[in-house]
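Engineer: There's a structure below that I have some questions on.
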Amino acid sequence: MRLRTLGGLALDGAGLGRPKPLLLLTYLTLEGPRPRRYLGELFWRDAVSPTNSIAVAVRQIRQAAPGALQGDDVRLWADLPCDALEIERALRGRQPGRALELYAGAFLDGAGLPGGSTELEEWVYTRRELLAAQVQGAALELAQQAAAQGDFGGAAGWAERALHLAGAPEPPPEFWARAYPLLVAGHSPQAEEVRRRAQEWALRLDLSPDEARRRLRPAVIGREREVRQLGRLPAGAWAWVRGDPGMGKTTLLRRLDGVFLGARAGLPYATLEPLLGPEVPGDEHARLRRLAALPGTWLIDGWAELDPESRTLLGTLRGLGTQARVIVAAAEAPPFAVDAQLDLGALDEAELAAHAGAFEATGGLPGLLGAWLRGEPIEPVLQAGLAALPDTARQVHGALTLLDLPELPRVRQALALDAPTFSRAVETLLGAGLIDVSGQVRARATARRALQAQPTRHAALALRLARTLRGRAAYGLYQSARALWDEADLSAVQAVTLDWAAEALRRGFPLQAAGALADAPPHPAPGPELGVLRARALERAGQFREALSALDELPELPLVSALRGALAWRLGHPEQARRHAEAALDSGGEARAEALNTLAHLDFQRGHHRAAERQYRRAATLWLTLGDTARWAGALNNRAAALSAAGEDAEAAFQAALDAAGEHLVMRARTTLNLGQVRERRHDAAGAAAAYRDAALLAEQAGSLNTSARAWNNLGALHHRAGRPAEARAAYDTALALAQRAGEPLLLGTVLANLAELTGDGDAFEEALRVIGESGNHDQLARSQADYQAFIERSRGAGQA
Numbered sequence: 001m002r003l004r005t006l007g008g009l010a011l012d013g014a015g016l017g018r019p020k021p022l023l024l025l026t027y028l029t030l031e032g033p034r035p036r037r038y039l040g041e042l043f044w045r046d047a048v049s050p051t052n053s054i055a056v057a058v059r060q061i062r063q064a065a066p067g068a069l070q071g072d073d074v075r076l077w078a079d080l081p082c083d084a085l086e087i088e089r090a091l092r093g094r095q096p097g098r099a100l101e102l103y104a105g106a107f108l109d110g111a112g113l114p115g116g117s118t119e120l121e122e123w124v125y126t127r128r129e130l131l132a133a134q135v136q137g138a139a140l141e142l143a144q145q146a147a148a149q150g151d152f153g154g155a156a157g158w159a160e161r162a163l164h165l166a167g168a169p170e171p172p173p174e175f176w177a178r179a180y181p182l183l184v185a186g187h188s189p190q191a192e193e194v195r196r197r198a199q200e201w202a203l204r205l206d207l208s209p210d211e212a213r214r215r216l217r218p219a220v221i222g223r224e225r226e227v228r229q230l231g232r233l234p235a236g237a238w239a240w241v242r243g244d245p246g247m248g249k250t251t252l253l254r255r256l257d258g259v260f261l262g263a264r265a266g267l268p269y270a271t272l273e274p275l276l277g278p279e280v281p282g283d284e285h286a287r288l289r290r291l292a293a294l295p296g297t298w299l300i301d302g303w304a305e306l307d308p309e310s311r312t313l314l315g316t317l318r319g320l321g322t323q324a325r326v327i328v329a330a331a332e333a334p335p336f337a338v339d340a341q342l343d344l345g346a347l348d349e350a351e352l353a354a355h356a357g358a359f360e361a362t363g364g365l366p367g368l369l370g371a372w373l374r375g376e377p378i379e380p381v382l383q384a385g386l387a388a389l390p391d392t393a394r395q396v397h398g399a400l401t402l403l404d405l406p407e408l409p410r411v412r413q414a415l416a417l418d419a420p421t422f423s424r425a426v427e428t429l430l431g432a433g434l435i436d437v438s439g440q441v442r443a444r445a446t447a448r449r450a451l452q453a454q455p456t457r458h459a460a461l462a463l464r465l466a467r468t469l470r471g472r473a474a475y476g477l478y479q480s481a482r483a484l485w486d487e488a489d490l491s492a493v494q495a496v497t498l499d500w501a502a503e504a505l506r507r508g509f510p511l512q513a514a515g516a517l518a519d520a521p522p523h524p525a526p527g528p529e530l531g532v533l534r535a536r537a538l539e540r541a542g543q544f545r546e547a548l549s550a551l552d553e554l555p556e557l558p559l560v561s562a563l564r565g566a567l568a569w570r571l572g573h574p575e576q577a578r579r580h581a582e583a584a585l586d587s588g589g590e591a592r593a594e595a596l597n598t599l600a601h602l603d604f605q606r607g608h609h610r611a612a613e614r615q616y617r618r619a620a621t622l623w624l625t626l627g628d629t630a631r632w633a634g635a636l637n638n639r640a641a642a643l644s645a646a647g648e649d650a651e652a653a654f655q656a657a658l659d660a661a662g663e664h665l666v667m668r669a670r671t672t673l674n675l676g677q678v679r680e681r682r683h684d685a686a687g688a689a690a691a692y693r694d695a696a697l698l699a700e701q702a703g704s705l706n707t708s709a710r711a712w713n714n715l716g717a718l719h720h721r722a723g724r725p726a727e728a729r730a731a732y733d734t735a736l737a738l739a740q741r742a743g744e745p746l747l748l749g750t751v752l753a754n755l756a757e758l759t760g761d762g763d764a765f766e767e768a769l770r771v772i773g774e775s776g777n778h779d780q781l782a783r784s785q786a787d788y789q790a791f792i793e794r795s796r797g798a799g800q801a
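Read in UniProt numbering, the sequence shown has 759 at position 759, and its numbers run on one by one without any break.
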């Protein structure tokens with residue numbers, strides 16, 4: 001006789017067809033001996049006499065299937081061959097193919113549960129889902145084995161079997177992450193369905209077949225020290241490998257030689273069945289004698305998940321001693337003394353040194369590392385691991401991920417957690433290896449990408465943290481939470497934006513500063529600070545007309561007048577520039593420094609280079625006093641240019657300006673640009689070209705497109721004058737693209753004029769003059785018109801020749 005429970009319910013080799021007795025036989029076969037009274041309540045709860053009902057069922061079974069059921073006055077039991085038990089043995093013996101071969105359908109599919117209790121229904125459904133989930137995992141294991149051998153069609157077939165396995169519950173997120181590359185690699189049409197289902201878990205899966213095949217290659221690295229240590233254990237030694245989920249305990253055990261005993265629930269001694277044999281001795285002393293005499297190595301995976309009988313037997317056996325080496329992997333501490341204990345954490349950087357980028361991407365977390373080595377996306381793996389944690393731990397991890405420095409007290413404040421709850425969350429994350437002892441998130445870049453894939457959660461955490469911060473440190477967090485701002489946040493957001501933009505400007509990123517200020521929320525009682533700072537940022541970025549428009553909305557303050565003067569000079573209106581600068585000259589502070597700078601520019605433009613040098617020197621002193629090192633460096637740069645124009649050796653002055661600029665990219669770019677012009681006047685063409693290239697690169701890194709365009713324009717002019725038209729054209733084209741992006745008409749017109757002169761295009765030269773005229777810079781327009789007349793004369797001369 002054989003009990004068939006998959007895809008239906010039948011007892012082959014017997015004439016028993018009644019569903020209730022068959023169900024009783026199934027229950028006893030799978031669960032072991034049970035009291036008659038308990039079975040009566042479980043199967044015939046609504047009967048007038050459950051005891052009589054079970055007695056009737058026992059008679060029916062013994063008449064139709066003699067020998068199938070045993071019992072005494074108190075208990076009943078059954079010991080029948082059963083397909084479900086055969087599948088469990090196949091899974092324990094690491095025979096996934098046999099398990100799939102036996103799986104003929106969902107457990108007790110269509111068998112019905114007439115008159116049974118709620119507990120019986122729950123047992124059936126739990127058994128059905130548990131067995132199906134285990135077989136589903138076996139199908140994926142077969143798929144991965146096939147993929148590792150290059151059989152991607154076969155791998156997709158097994159993955160499809162897993163996907164549509166009868167009786168399987170709703171798969172967890174990691175199922176989709178595992179199944180997707182297997183299906184894609186084999187060109188399965190089911191891949192799109194899996195990708196869509198994964199999106200329901202906020203998992204973004206998108207691979208080409210080639211990418212999927214690369215990611216399915218097998219790879220295991222690290223834990224060499226632990227493998228050696230466990231391999232040296234003497235016979236009879238017991239070792240305990242401790243680590244939280246995802247630390248690679250199972251992988252480590254599978255790398256060792258021995259009998260692998262995965263934790264199994266169900267029948268008594270199910271875990272130890274591969275050692276005890278299918279006929280488990282009924283006497284405990286016999287079981288202990290059999291196990292104690294066995295040699296070899298036992299690899300026991302998942303102490304807490306063992307069936308209770310196996311766990312108790314092993315505990316007793318530990319006290320008696322064994323010939324075998326016993327290695328147990330568990331998340332908890334050992335309940336008895338062991339000869340060696342290994343605590344698994346994240347792999348360290350040295351263990352991953354041979355794999356560039358692995359430690360940075362994964363933080364040494366084994367679960368992430370396996371996916372990284374196979375080329376799979378690691379964000380879904382991290383998301384799946386986090387989904388298994390308590391919500392508080394996930395919140396703490398997300399908040400720490402958003403902070404550049406691991407400020408644990410700030411996270412607790414932002415999440416409004418009491419001390420015990422917060423401590424438990426931190427301990428959970430430490431145990432899982434997701435943070436280190438300082439609170440630093442492992443694989444933080446990966447964690448940030450995973451969090452950004454959940455925009456609502458990301459924004460909510462960012463806003464909580466931003467509200468605990470002051471100054472520019474809160475800027476990025478507030479921006480991430482923009483959709484969640486309420487009216488009470490607006491004042492703080494504007495203050496934070498001002499602080500961040502001022503620092504961006506100081507560091508030489510004017511376009512970013514201007515963009516941030518343009519996006520700042522309105523303030524109920526606005527002051528001039530935001531408008532002034534935005535105008536200054538636009539001026540530094542070369543967008544002079546936009547800067548002037550920003551000032552039009554502000555009251556006439558000394559600093560506003562000083563900025564108007566600077567912009568008037570930039571736009572070629574020297575009289576307006578002088579008038580505005582002189583109006584701000586007596587105010588002191590930043591306005592006076594700006595005014596001195598503008599007056600120095602005007603002196604320089606008129607050829608009064610020594611007067612300009614003195615004004616620049618005074619402006620530099622004021623900027624230094626005000627603590628604005630960027631403007632100080634800029635004034636020193638201008639002073640060096642004035643000294644050079646006056647005929648003095650200014651190399652040392654330029655070096656002083658570069659030293660003052662430090663890491664301020666725009667100031668370094670402008671100083672290097674001026675240095676190139678000085679070298680060009682000294683007929684050092686090679687040195688000038690190198691300086692122009694350096695200046696262009698520095699300016700582009702800083703986002704100062706106009707400075708970068710000027711550098712390329714100067715380089716093009718240098719090649720043009722040297723008779724290298726191809727190199728000149730390439731430099732002018734680069735300058736033109738940058739000038740178009742910068743949006744500065746004067747610069748754009750100047751580059752267009754140079755390009756027109758190089759190509760001999762008179763019509764293009766006239767268009768360039770029109771663009772320069774629109775800029776409002778009359779001095780430059782006059783110079784360019786003179787160049788145009790010279791160009792026309794040369795063209796006529798060439799035509800007559």
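Positions of the beta carbon are idealized from the N, C-alpha and C atoms, including for glycine.
Quick one: which unbroken alpha helix (DSSP H) runs of 4-plus residues sit fully inside the segment 113-193? Chain order, please.
Structural biologist: 118-148, 152-163, 173-185
Engineer: For ALA443 and VAL396, which I take to be in contact (beta-carbon distance under 8 Å), what is that distance rounded to the nearest angstrom?
Structural biologist: As a working note, residue 443 is residue 443 in the sequence shown. As a working note, residue 396 is residue 396 in the sequence shown. 16 Å between Cβ atoms; not a contact.
Engineer: Report yes or no: do three or more beta-carbon pairs, one from the segment 487-494 and one from the segment 681-693, lie closer than 8 Å?
Structural biologist: no
Engineer: Would you list the residues sitting across from PHE260 in a DSSP beta bridge?
Structural biologist: Numbered from 1 along the sequence shown, position 260 holds the residue referred to as residue 260. Per DSSP, LEU299.
Engineer: With the cut-off set at 8 Å, would you say GLY471 and ASP499 are in Cβ contact?
Structural biologist: The sequence position of residue 471 within the sequence shown is 471, counting from 1. The sequence position of residue 499 within the sequence shown is 499, counting from 1. Their beta carbons are under 8 Å apart, which means GLY471 touches ASP499 by this criterion.
Engineer: Report the three-state DSSP secondary structure of GLN341 (helix, strand or coil).
Structural biologist: Within the sequence shown, numbered from 1, the residue matching residue 341 stands at position 341. Here GLN341 sits in strand by DSSP.
Engineer: Go ahead and pull the three-state DSSP assignment for PRO268.
Structural biologist: Along the sequence shown, one-based indexing puts residue 268 at 268. PRO268: coil per DSSP, three-state reduction.
Engineer: Does the separation of the CB atoms of GLY105 and GLY7 fall below 8 Å?
Structural biologist: Your numbering for residue 105 matches position 105 in the sequence shown. Your numbering for residue 7 matches position 7 in the sequence shown. Yes.
Engineer: How many Å lie between LEU538 and GLY589 at the Cα?
Structural biologist: The residue labelled residue 538 in the question sits at position 538 within the sequence shown. The residue labelled residue 589 in the question sits at position 589 within the sequence shown. Cα-Cα distance, rounded: 21 Å.
Engineer: Could you check how far apart the C-beta atoms of VAL124 and LEU108 are, in whole angstroms? I think they sit under 8 Å.
Structural biologist: Locating residue 124 in the sequence shown gives position 124, counting from the first residue. Locating residue 108 in the sequence shown gives position 108, counting from the first residue. Indeed they touch by this definition, with Cβ atoms about 6 Å apart.
Engineer: Give the DSSP-derived three-state secondary structure of TRP569 in the structure shown.
Structural biologist: In the sequence shown, counting from the first residue as 1, residue 569 sits at position 569. DSSP places TRP569 in helix when its eight states are reduced to three.
Engineer: Give me the Cβ distance between LEU100 and ARG161, rounded to the nearest whole Å; I'm assuming they're in contact under 8 Å.
Structural biologist: For the purposes of this step, residue 100 is identified with residue 100 of the sequence shown, where counting begins at 1. For the purposes of this step, residue 161 is identified with residue 161 of the sequence shown, where counting begins at 1. Right, their Cβ atoms sit about 7 Å apart.
Engineer: Just mark HIS719 as buried or exposed, buried being the case when its beta carbon has 16 or more other beta carbons within 10 Å.
Structural biologist: Translated into the one-based positions of the sequence shown, residue 719 becomes position 719. Under this definition HIS719 is a buried residue.
Engineer: Excluding the 5 residues flanking PRO173 on each side, which residues of the same chain have their C-beta closer than 8 Å to its C-beta?
Structural biologist: Numbered from 1 along the sequence shown, position 173 holds the residue referred to as residue 173. Scanning its chain for C-beta atoms nearer than 8 Å, with the 5 sequence neighbours on each side dropped, one finds around PRO173 the residues ALA198, TRP201, LEU203, PRO380, GLN383, ALA384, ALA387, in chain order.
Engineer: Looking at C-beta atoms only, is the number of pairs between the segment 727-738 and the segment 705-714 that lie closer than 8 Å three or more?
Structural biologist: yes
Engineer: Can you name the residues that DSSP bridges to ALA535?
Structural biologist: If you number the sequence shown from 1, residue 535 lands on position 535. The partner list for ALA535 (beta bridge, DSSP) is empty, contrary to what the question assumes.
Engineer: On the three-state DSSP scale, how would you describe ALA801?
Structural biologist: Position 801 of the sequence shown, counting from 1, holds the residue named residue 801. No answer about ALA801 holds up, because its pLDDT of 41 lies below 50 and its placement is not dependable.
Engineer: Which of the three DSSP states, helix, strand or coil, is assigned to PRO33?
Structural biologist: The residue labelled residue 33 in the question sits at position 33 within the sequence shown. Residue state, collapsed to three classes: coil.
Engineer: Give the straight-line distance between the Cα atoms of ALA801 and ASP519, rounded to the nearest whole angstrom.
Structural biologist: Taking the first residue of the sequence shown as position 1, residue 801 is located at position 801. Taking the first residue of the sequence shown as position 1, residue 519 is located at position 519. For ALA801, the pLDDT reaches just 41, beneath the cut-off of 50, and the residue's location in the model is therefore unreliable, although a value from the coordinates is still provided. Spanning the two alpha carbons is a distance of roughly 60 Å.
Engineer: Using a 10 Å radius around the Cβ and a threshold of 16 neighbouring Cβ atoms, would you call ASP603 buried or exposed?
Structural biologist: In the sequence shown, counting from the first residue as 1, residue 603 sits at position 603. Burial check for ASP603: the Cβ neighbour count within 10 Å reaches 16 or more, so the residue is buried.
Engineer: Could you say which of GLY231, LEU272, GLY236 lies nearest to ARG255 if we only look at CA atoms?
Structural biologist: Reading the sequence shown from its first residue, position 255 is the one you call residue 255. With distances taken between Cα atoms, ARG255 lies closest to GLY231.
Engineer: What's the gap between the Cα of ALA488 and the Cα of PRO406?
Structural biologist: The residue labelled residue 488 in the question sits at position 488 within the sequence shown. The residue labelled residue 406 in the question sits at position 406 within the sequence shown. Cα-Cα distance, rounded: 27 Å.
Engineer: Ordered along the chain, which non-local residues of its own chain (more than five positions away) have a Cβ less than 6 Å from that of LEU39?
Structural biologist: As a first step, residue 39 is located in the sequence shown; it is residue number 39 there, counting from the start. For LEU39, where only same-chain residues beyond five positions count, the Cβ hits under 6 Å are ILE54.
Engineer: From the DSSP output, read off the bridge partner residues of VAL326.
Structural biologist: Along the sequence shown, one-based indexing puts residue 326 at 326. Answer is TRP238, TRP298.
Engineer: Would you grab the beta carbon distance between GLY364 and ALA346 for me? Rounded to a whole angstrom, and I think it's under 8 Å.
Structural biologist: Against the sequence shown, residue 364 aligns to sequence position 364. Against the sequence shown, residue 346 aligns to sequence position 346. With a Cβ gap of about 4 Å, GLY364 and ALA346 count as contacting.
Engineer: Measuring alpha carbon to alpha carbon, tell me which of ARG287, ALA330, ALA399, GLU351 ends up nearest LEU320.
Structural biologist: Here residue 320 corresponds to residue number 320 of the sequence shown, with the count starting at 1. Measuring from the Cα of LEU320, the nearest candidate turns out to be ARG287.
Engineer: Do THR312 and VAL259 count as a contact pair if the criterion is CB distance below 8 Å?
Structural biologist: Here residue 259 refers to the residue found at position 259 when the sequence shown is read from its first residue. Here residue 312 refers to the residue found at position 312 when the sequence shown is read from its first residue. No. Outside cutoff.
Engineer: Tell me which residue opens and which closes the alpha helix (DSSP H) that LEU389 is part of.
Structural biologist: Position 389 of the sequence shown, counting from 1, holds the residue named residue 389. First-last for LEU389: undefined, no H or E at that position.
Engineer: Of the choices VAL227, GLN190, ALA619, SER49, whose alpha-carbon is the least far from that of LEU344?
Structural biologist: Here the question's residue 344 lines up with position 344 in the sequence shown. Of the candidates VAL227, GLN190, ALA619, SER49, the one whose C-alpha sits nearest the C-alpha of LEU344 is VAL227.
Engineer: Quick one: is SER49 buried, meaning 16 or more other Cβ sit within 10 Å of its Cβ, or exposed?
Structural biologist: In the sequence shown, counting from the first residue as 1, residue 49 sits at position 49. Exposed: under 16 other Cβ atoms inside 10 Å.
Engineer: What do you get for ALA742, buried or exposed, if any count of 16 or more other CB atoms within 10 angstroms of its CB means buried?
Structural biologist: For the purposes of this step, residue 742 is taken as residue 742 along the sequence shown, with counting starting at 1. So ALA742 counts as buried.
Engineer: Does the Cβ of HIS601 have 16 or more other Cβ atoms within 10 Å, making it buried, or fewer, making it exposed?
Structural biologist: Translated into the one-based positions of the sequence shown, residue 601 becomes position 601. The residue in question, HIS601, is buried, as its Cβ has 16 or more Cβ neighbours within 10 Å.
Engineer: Measuring straight from C-alpha to C-alpha, what distance separates GLY398 and ASP418?
Structural biologist: On the sequence shown, residue 398 is found 398 positions in, with the first residue counted as 1. On the sequence shown, residue 418 is found 418 positions in, with the first residue counted as 1. One C-alpha to the other measures close to 18 Å.
Engineer: Would you call the segment 546-563 and the segment 575-594 touching, i.e. three or more CB-CB distances under 8 Å?
Structural biologist: Verdict: yes, contact present.
Engineer: Among the residues of its own chain, which have a CB less than 6 Å from the CB of VAL241, if the five just before and after it don't count?
Structural biologist: To locate residue 241, count along the sequence shown from 1; it is residue 241. Excluding sequence neighbours, VAL241 sits near LYS249, ALA329, LEU342.
Engineer: Give me, in chain order, the residues of the same chain whose beta-carbon lies closer than 8 Å to that of VAL194; leave out the 5 immediate sequence neighbours on both sides.
Structural biologist: Along the sequence shown, one-based indexing puts residue 194 at 194. Once the five neighbours on either side are set aside, the close Cβ partners of VAL194 are LEU163, TRP176, ALA179, TYR180, LEU183, LEU205.
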